[in-house]
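Here the structure is laid out as structure tokens; the discussion comes afterwards.
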């Protein structure tokens with residue numbers, strides 16, 4: 059199916075059927091921002107493939123559910139928390155403990171280096187960015203890259219995943235941090251090791267070309283660049299180079 063929205067819209071439609079069994083075709087179209095005839099056409103393709111079934115609404119077949127859990131890593135998901143975060147239903151209360159942990163970690167992070175335009179965000183802002191990743195269907199089962207991470211977004215993502223999969227065992231999501239500041243790289247690495255977060259760090263000066271083995275590997279990029287046109291151009295261009303060659307990646 060050649061969609062202007064790219065493969066992500068098709069993935070999202072399948073995922074909506076997994077998370078909301080019995081969803082109507084009209085609601086599927088609304089939740090994926092697709093025209094109803096297009097959503098219906100994709101639904102029919104999935105039914106023919108054996109992934110979906112029309113039964114009091116649309117729902118995944120056992121094979122379809124098993125594939126999502128195996129390939130995208132959704133087995134063990136706390137669905138009620140996932141839905142609350144998707145729809146902004148009292149997330150601050152639901153993640154109060156996570157925010158408390160973040161506040162402690164933020165208090166101990168290295169000092170700002172103004173020479174490279176570091177400017178720290180709050181723990182709440184960092185956690186909101188992780189939730190935004192979830193809302194964009196760019197979190198679970200994805201490869202994520204942070205181009206600069208003095209805001210510890212990678213840590214927020216790791217802690218959020220632990221809340222979403224309380225039984226543990228989720229290994230389908232990976233976060234790569236690229237930063238020139240070794241203080242932050244060491245700090246993030248120590249947190250990841252202590253808490254078992256799926257984060258890898260690598261020193262990178264974005265003024266230099268992006269290494270070939272980082273090109274076209276990631277599903278989502280985070281960056282909070284220097285607030286000049288030249289700075290944003292540089293950081294965002296490195297992020298785009300790191301993204302997979304697909305439409306619609308955030």
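Numbering (the numbering used here), first residue to last: 59 to 308. Built from N, CA and C at the ideal position, the CB exists for glycine as well.
Cβ pair count under 8 Å reaching 3, the region 190-203 against the region 272-283:
yes
TODO: Give the DSSP bridge partners of residue 237, in chain order.
DONE: 261
Secondary structure of residue 180, DSSP reduced to three states:
coil
### Query
Is it the case that the Cβ atoms of residue 246 and residue 264 are separated by a distance below 9 Å?
no
Excluding sequence positions up to five away, which residues of its chain have a Cβ less than 8 Å from the Cβ of residue 195? 66, 69, 70 and 73
Reducing DSSP to helix, strand and coil, say where residue 281 ends up.
-> strand
Any idea what DSSP makes of residue 213, helix, strand or coil?
helix
Tell me the rounded alpha-carbon separation between residue 256 and residue 296. 22 Å
Measure the beta-carbon distance from residue 212 to residue 160 and round it to whole angstroms, keeping in mind my assumption that it falls under 8 Å.
That belief does not hold up - the Cβ atoms of residue 212 and residue 160 are roughly 12 Å apart, past 8 Å.
Nearest CA to the CA of residue 152: which residue from 179, 304 and 185?
185
(Q) Taking 8 Å as the cut-off, does the region 217-230 touch the region 139-156 (at least 3 CB pairs, one atom from each stretch)? (A) yes
message = Restricting to Cα atoms, I'd like to know which of 193, 292, 273 and 99 is closest to residue 206.
response = 292
*Can you give the Cα-Cα distance for residue 88 and residue 94, rounded to whole angstroms?*
The alpha-carbon atoms of residue 88 and residue 94 are separated by roughly 8 Å.
Check: In whole angstroms, what is the alpha-carbon distance linking residue 109 and residue 124?
Finding: Near 10 Å, if we compare the C-alpha coordinates of residue 124 and residue 109.
**Asked** What is the C-beta distance between residue 288 and residue 268, in whole angstroms, given that I count them as a contact (C-beta under 8 Å)?
**Response** About 17 Å separates the two Cβ atoms, so there is no contact after all.
Assign residue 112 to one of three DSSP states: helix, strand, or coil.
strand
Legend entry - Contact under 9 Å by Cβ, residue 242 with residue 168: It is a contact, given that the beta carbons lie within the stated cut-off.
Close Cβ partners of residue 259 (< 6 Å) along its chain, the five nearest in sequence each way excluded = 235, 243, 246 and 247
Taking the Cβ atom as the reference point for each residue, do residue 192 and residue 144 lie within a distance shorter than 9 Å? yes
| Residues bridged to residue 60 [DSSP beta-bridge criterion] | Bridge partners of residue 60: none, in fact.
Q. Can you tell which of 306, 210, 173 and 64 has its C-alpha closest to the C-alpha of residue 163?
A. 210
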